[in-house]
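K.L.:
Numbering-wise (the working numbering), the sequence shown opens with residue 13 and increments by one. No residue lacks a Cβ here, since even glycine has one placed at the ideal position from N, Cα and C. Below is a structure I'd like to ask you about.
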Amino acid sequence: MPEIKNIINGCLKGNRRDQELLYRRYSPKLYAVCLQYSGNDEEARDILQEGFIKIFENLIHYKHEGSFEGWMRKIIVNTALEKYRSRNRLYRVDDIDQIPEPDAEPDTEDYAGLEAIDLMDIIRELPPKYRTVFNLFALEGYSHKEISEMISISEGTSKSNLSRARIILQRRVGSYTGIKKRVLNG
């Protein structure tokens with residue numbers, strides 16, 4: 013398999029074969045990132061396509077310092093955030109106005125048998141404003157201050173959206189594992 017520096021140089025020269033190689037090598041991982049931020053497969057594919065266009069347009073700015081995959085991931089996440097911001101400007105809907113606090117912390121046994129793919133599906137079901145903050149904080153490691161600047165909300169709103177996302181996730185995971193237990197245990 014060709015060295016990534018050679019592929020990048022080929023892409024910079026407009027070599028279609030190298031562009032395709034780059035896409036094929038990284039699109040599966042980056043598509044998974046897109047799914048984390050989108051509500052469905054079609055939107056994830058749109059984000060991936062727009063993100064790769066930006067990657068190819070900005071390859072000249074890549075300094076070969078740090079992880080190339082990390083550099084691309086940042087572009088993909090920013091593309092997803094742009095889509096989120098534009099969607100938010102088009103319509104403002106409060107998906108869930110009031111979410112009461114959970115009665116008790118869930119027992120870790122409740123999560124036994126929950127696979128990563130199941131959890132990712134549950135995260136994808138979150139309302140967009142909660143999913144975006146959850147992903148940026150829990151998966152990407154951004155602070156509430158950084159999140160507030162990225163998606164133009166206050167730090168308090170970021171914290172509130174994260175809290176609500178966690179509550180929703182706890183409930184959905186509890187429901188999911190309860191259903192799974194009933195199905196498996198008959």
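Note down, one range per segment and in chain order, each alpha helix (DSSP H) of at least 4 residues found wholly within the region 126-195.
P.N.:
The region 126-195 contains these whole alpha helix (DSSP H) runs: 128-136, 140-146 and 156-163.
K.L.:
Which residue wins for smallest C-alpha separation from residue 129, given the options 62, 52 and 44?
P.N.:
Ranking the options by Cα distance to residue 129, first place goes to 44.
K.L.:
Mind checking residue 132: buried by the 16 CB within 10 Å criterion, or exposed?
P.N.:
The residue is exposed, with fewer than 16 neighbouring Cβ atoms inside 10 Å.
K.L.:
Please report the residue range of the alpha helix (DSSP H) in which residue 66 lies.
P.N.:
Run containing residue 66: 53-70, per the alpha helix (DSSP H) assignment.
K.L.:
Classify residue 88 as buried or exposed, calling it buried when 16 or more other Cβ atoms lie within 10 Å of its own Cβ.
P.N.:
Buried: at least 16 other Cβ atoms inside 10 Å.
K.L.:
Suppose you measure from the CA of residue 58 to the CA of residue 134; what does that come to, to the nearest Å?
P.N.:
Roughly 21 Å between the two C-alpha positions.
K.L.:
Going along the chain, which residues of its own chain have a beta-carbon closer than 7 Å to the beta-carbon of residue 16, five neighbours each way excluded?
P.N.:
Excluding sequence neighbours, residue 16 sits near 80.
K.L.:
How would you write the range of the alpha helix (DSSP H) that residue 26 sits in, first residue to last?
P.N.:
Looking at the DSSP string, residue 26 is not in any alpha helix (DSSP H), and its letter there is neither H nor E.
K.L.:
Distance check for residue 53 and residue 186, CA to CA, integer angstroms please.
P.N.:
Cα-Cα distance, rounded: 25 Å.
K.L.:
Using the C-alpha atoms, what's the distance from residue 155 back to residue 145?
P.N.:
If you take the alpha carbons of residue 145 and residue 155, they lie about 10 Å apart.
K.L.:
Whose C-beta lies closer than 6 Å to the C-beta of residue 148 among residues of the same chain, with five residues either side of it excluded?
P.N.:
Contacts found: 154 and 159.
K.L.:
For residue 33 and residue 168, what's the separation of their Cα atoms in angstroms?
P.N.:
Going from the Cα of residue 33 to the Cα of residue 168 covers about 43 Å.
K.L.:
Assuming residue 92 and residue 142 make a contact with CB atoms under 8 Å, what is their CB distance in whole Å?
P.N.:
15 Å between Cβ atoms; not a contact.
K.L.:
Only counting the same chain, and skipping five residues up and downstream in sequence, which positions put a Cβ closer than 7 Å to that of residue 38?
P.N.:
Hits under 7 Å: 81 and 84.
K.L.:
With the cut-off set at 8 Å, would you say residue 74 and residue 19 are in Cβ contact?
P.N.:
Their beta carbons are not under 8 Å apart, which means residue 74 does not touch residue 19 by this criterion.
K.L.:
Which of the three DSSP states is assigned to residue 14 in this structure?
P.N.:
Of the three classes helix, strand and coil, the one that applies to residue 14 here is coil, per DSSP.
K.L.:
With burial defined as no fewer than 16 other Cβ atoms inside 10 Å of the residue's Cβ, what is the status of residue 170: buried or exposed?
P.N.:
It is buried - the Cβ of residue 170 has at least 16 other Cβ atoms within 10 Å.
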